[in-house]
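What follows is a set of notes on a single structure, which appears directly below.
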């Protein structure tokens, strides 16, 4: 099976603090891949490295068979897109201007650009904000707009860092529809989220990141099997081995 | 609770200090200290000139002329205080958070109002006034009266400046039109007023001028001691000043409360103007165009542009007409010539990454080499300053040709431009400051005031070093300048070539960590 992402021996530290240590991960192509872990586990750092925003200390990273280095930088960037938390938007642009700017940068043909933009904005309930300044939008609208911008470029690999936080339930459903459609076209999607109910229903493979490395990899068959007896949340807790607090620790409350 | 507020703000201040910023702050502090001591010395001299036998050493001295000197000085001091008084409410955005942590609104407003008084610049000005008054009162029993007068003056300035800046912000376009229209008129008027015939008849203007200057704000503060001989007058002045201070204090307190409860709304820049941005992107490239768009549309920069253009336009015609009288100080003309290019360099280069800040993380993901984006940005930032440099150099050739060593002047221009390019590039990387787009942009400048302040002094020092004539060593000076220009140019070229490395190590982590 082809691998969209292959990571071996990745190390990343902030000063003396190791965030990722001898980190290995392999993500199959065409997979909706869930990456979960406790706060501070390194999920966002990993996304930052894979999207080229952060340097790393050691290791080898292959994205769609291309090694992540300066020589392949452009080829890789043409194939990926991301929605980070919080989303990165151009505050003083309107949504319309922002999306067109993205299209210009990615050298997308002008003829059907507006049609694509209109359809995305309409699908996600953002049409009324098309000509509003981005800095006036709510948190949820900004997240959806960032999602639109990422989808517009039709990436091969899509990185989504907590994409469903602040989003209303209807829009979550529509975003999931878009993601499923992308998967049908063979695209790879990597999602990090703390909303495990969505992860367990949406994702094929799931990896649990804890203490600087992957401690559990649940492929599609395995996690669906396990979920017959326990929720993903319970499975997560069992792997992460969080020490249960003493029953009287909050007796003052 | 006051000490907790101080502790919190001290930690905010300490956290914002990088190694480079600390050095700048120390230099800035030393400069301020030097200026303060010079001003106090001048105050002492002027007062001694009026009231002691010192005046017998100057044949031109008359009581009216002595009074003129005092009144001109104190009114300039008052204007300087108005201009430089710092009205920034101590990190309002951060202190507002205290409201959610049990800090009462009224108490926080009072403490912040008090803390605003303690800004070093504000303290220096008020100390100057206090010393000026006490040198005239000559008795320690007048300390309360002097304090009340100083407080009333400060609160008046504080309140007036707040409103003036608000008016400037609301009417800045009309103000710009007015200034551009008035500048030539004022320039011609000043030239005529200071003409030879005016100086010869100057004596007849002293008394009327003194009468007017005495009722201007600076004059009123300075002459208060001379009016305070009678006890009743002292009481009247004291009560009036206390009432003024109290009224303005409560007015300011009200505004502080309102500001604390009103999160800043982002400026709604009505850019009818995605056309303007598109044009900029077409001319300069997508990345440079977007950056230039943010710079030129920021409200603070609009005012800065007026200042950078206005001063040279106002002063240069007059100074050029008097170039033969300036002697060794004619380098000041060249200083004013380079004021605009330097000012625009500051505007465009001084904070390359603060306007877009985290938006840059989005741009880093674009399928465009980061090095290309950064180079394009710097090129875009240099276009207007370079244009100004060419215009200025051409104007110098036309106006000064035949009078001065033009080669030396043009080399000096290039070196100054290069030095400030280096300085402001350094500022961009090592003094990254997130640009705020709040409604009161003028109180939150996009370039730290200390950098602006030091730039002025560096500019003056370079002008003095590069533009003065070295007599028989002029040829060697020109050769040395050619070498310097080449060295600086090469350094800039290499720096821009390696800029991606510096960006990745200095800027990216900061932008990422602010997620």
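Protein chains in written order, with the numbering used here: chain A, 816 to 1068; chain B, 417 to 931. All C-beta atoms, glycine included, are put in the ideal place defined by N, C-alpha and C.
*Quick one: what does DSSP say residue 619(B) is sitting in, helix, strand or coil?*
Counting from 1 along the second chain, the entry for residue 619(B) is found at position 203. Three-state result, residue 619(B): helix.
*asked:* I want to verify the contact list: residues of chain B whose CB lies under 9 angstroms from the CB of residue 869(A), in sequence order.
replied: Counting from 1 along the first chain, the entry for residue 869(A) is found at position 54. Here the neighbours are 924, 925 and 928.
*asked:* To be precise: take each residue of the stretch 889-907 of chain A, compare its Cβ to all Cβ atoms of chain B, and keep it if any distance is under 9 angstroms. Which residues remain?
replied: 889, 890, 891, 892, 893, 894, 895, 896, 897, 899, 900, 901, 902, 903, 904, 905, 906 and 907
*asked:* Quick check: residue 549(B) and residue 641(B), are their CB atoms within less than 7 angstroms of each other?
replied: The residue you call residue 549(B) lines up with position 133 of the second chain. The residue you call residue 641(B) lines up with position 225 of the second chain. Cβ atoms of residue 549(B) and residue 641(B): closer than 7 angstroms.
*asked:* Please identify, using Cβ separations under 7 angstroms, the residues of the stretch 935-964 of chain A that lie next to chain B, in order along the chain.
replied: 948 and 950
_Judging by CA-CA distance, which residue of 805(B), 815(B) and 905(B) is the nearest neighbour of residue 737(B)?_
Working through the second chain from its first residue, we reach residue 737(B) at position 321. Of the listed residues, the one whose Cα sits closest to residue 737(B) is 815(B).
*Taking only beta-carbon positions, decide if residue 682(B) is within less than 7 angstroms of chain A.*
Position 266 of the second chain, counted from the first residue, corresponds to residue 682(B). Here the model assigns residue 682(B) a pLDDT of 46, short of 50, so the residue's position is not dependable and the matter cannot be decided.
*asked:* Rounded to whole angstroms, what is the Cα-Cα separation between residue 429(B) and residue 526(B)?
replied: Taking the first residue of the second chain as 1, we reach residue 429(B) at position 13. Taking the first residue of the second chain as 1, we reach residue 526(B) at position 110. Answer to the nearest angstrom: the Cα atoms are 20 angstroms apart.
*So residue 849(A) packs on residue 1014(A), CB below 8 angstroms; how close in whole Å?*
One-based indexing of the first chain puts residue 849(A) at position 34. One-based indexing of the first chain puts residue 1014(A) at position 199. Confirmed, about 4 angstroms.
_Reference residue 1024(A), options 1056(A), 1045(A) and 1000(A), closest by Cα_ = Counting from 1 along the first chain, the entry for residue 1024(A) is found at position 209. Of the candidates 1056(A), 1045(A) and 1000(A), the one whose C-alpha sits nearest the C-alpha of residue 1024(A) is 1056(A).
*Can you check whether the CB of residue 879(B) is closer than 7 angstroms to the CB of residue 747(B)?*
Here residue 747(B) is taken as the residue at index 331 of the second chain, counted from 1. Here residue 879(B) is taken as the residue at index 463 of the second chain, counted from 1. Contact flag set, yes.
*Can you tell which of 929(A), 899(A), 1048(A) and 898(A) has the C-alpha that lies nearest to the C-alpha of residue 912(A)?*
Locating residue 912(A) in the first chain gives position 97, counting from the first residue. Of the candidates 929(A), 899(A), 1048(A) and 898(A), the one whose C-alpha sits nearest the C-alpha of residue 912(A) is 929(A).
*For the alpha helix (DSSP H) holding residue 858(A), just list the boundary residues, first then last.*
Start at 1 with the first residue of the first chain, and residue 858(A) comes out as number 43. Where residue 858(A) is concerned, the enclosing alpha helix (DSSP H) stretches over 858-865.
*Select from the stretch 691-712 of chain B all residues with a C-beta closer than 8 angstroms to any C-beta belonging to chain A, and list them in chain order.*
693, 697, 702, 706 and 710
_residue 821(A) in three-state terms, based on DSSP_ = The count along the first chain starts at 1 and reaches residue 821(A) at position 6. Looking at residue 821(A) - three-state DSSP - the assignment turns out to be strand.
*Which one of 719(B), 792(B) and 774(B) has the shortest CA to CA distance from residue 760(B)?*
Within the second chain, residue 760(B) is the residue found at index 344, counting from 1. The candidate whose alpha carbon is nearest that of residue 760(B) is 719(B).
*When DSSP builds the beta bridges, which residues end up paired with residue 974(A)?*
By one-based count along the first chain, residue 974(A) stands at place 159. Note: residue 974(A) sits in a beta bridge opposite 897(A) and 1005(A).
*Hey, residue 780(B) and residue 836(B) are a contact pair by Cβ (cut 8 angstroms); roughly how many whole angstroms apart?*
Stepping through the second chain from its first residue, residue 780(B) is reached at position 364. Stepping through the second chain from its first residue, residue 836(B) is reached at position 420. About 28 angstroms separates the two Cβ atoms, so there is no contact after all.
*Short-range partners of chain A found in the stretch 774-808 of chain B, where Cβ spacing is below 7 angstroms*: 774, 775, 777, 778, 780, 781, 782, 783, 784 and 785
*Select from 955(A), 956(A) and 1050(A) the residue whose C-alpha is nearest the C-alpha of residue 1033(A).*
For this step, residue 1033(A) is matched to residue 218 along the first chain. The shortest Cα separation from residue 1033(A) among 955(A), 956(A) and 1050(A) belongs to 1050(A).
*How long is the line joining the alpha carbons of residue 1005(A) and residue 695(B), rounded to whole angstroms?*
Here residue 1005(A) corresponds to residue number 190 of the first chain, with the count starting at 1. Here residue 695(B) corresponds to residue number 279 of the second chain, with the count starting at 1. Approximately 37 angstroms, taken between the alpha carbons.
*With DSSP collapsed to three states, give me the class of residue 907(A).*
Working through the first chain from its first residue, we reach residue 907(A) at position 92. Looking at residue 907(A) - three-state DSSP - the assignment turns out to be coil, as it is neither helix nor strand.
*Could you check which residue in 462(B), 654(B) and 463(B) has the C-alpha nearest to that of residue 569(B)?*
The residue you call residue 569(B) lines up with position 153 of the second chain. Considering only alpha carbons, the answer is 654(B).
*asked:* 7 angstroms is my cut-off, CB to CB: does residue 920(A) come that close to chain B?
replied: Residue 920(A) sits at position 105 when you count from the first residue of the first chain. Chain B, which has a Cβ nearer than 7 angstroms to the Cβ of residue 920(A), makes this yes.
*Taking the DSSP output, what are the residues bridged to residue 755(B)?*
The count along the second chain starts at 1 and reaches residue 755(B) at position 339. Answer is none; residue 755(B) lacks a bridge partner.
_Can you look up residue 930(B) in the DSSP assignment and give me helix, strand or coil?_
The residue given as residue 930(B) occupies position 514 in the second chain. Residue 930(B) falls in the coil class under three-state DSSP.
*Evaluate residue 834(B) with the Cβ neighbour count: other Cβ atoms within 10 Å of its Cβ, from every protein chain shown; 16 or more gives buried, anything less gives exposed.*
For the purposes of this step, residue 834(B) is taken as the residue at position 418 of the second chain. Under this definition residue 834(B) is a buried residue.
*Does the distance from the CB of residue 955(A) to the CB of residue 874(A) come in under 7 angstroms?*
Walking along the first chain from the start, residue 955(A) turns up at place 140. Walking along the first chain from the start, residue 874(A) turns up at place 59. It is not a contact, given that the beta carbons lie outside the stated cut-off.
*asked:* Just to confirm the assignment, what range does the alpha helix (DSSP H) spanning residue 834(A) have?
replied: Position 19 of the first chain, counting from 1, holds the residue named residue 834(A). Segment 832-843 is the beta strand (DSSP E) holding residue 834(A); no alpha helix (DSSP H) there.
*Distance between residue 996(A) and residue 893(A) (C-alpha atoms, nearest Å)*: As a first step, residue 893(A) is located in the first chain; it is residue number 78 there, counting from the start. As a first step, residue 996(A) is located in the first chain; it is residue number 181 there, counting from the start. Cα to Cα, residue 893(A) sits roughly 20 angstroms from residue 996(A).
*asked:* Cβ closer than 9 angstroms: which chain A residues qualify as neighbours of residue 920(B)?
replied: Residue 920(B) sits at position 504 when you count from the first residue of the second chain. Correct list: 870.
*Of the listed residues 906(A), 968(A), 952(A) and 882(A), nearest to residue 922(A) (C-alpha basis)*: Here residue 922(A) refers to the residue found at position 107 of the first chain. Out of 906(A), 968(A), 952(A) and 882(A), 968(A) has the C-alpha closest to the C-alpha of residue 922(A).
*Can you round the beta-carbon distance between residue 898(B) and residue 827(B) to whole angstroms, since I take them to be within the 8 angstroms contact cut?*
Taking the first residue of the second chain as 1, we reach residue 898(B) at position 482. Taking the first residue of the second chain as 1, we reach residue 827(B) at position 411. The pair is a contact, with the Cβ atoms about 6 angstroms apart (cut-off 8 angstroms).
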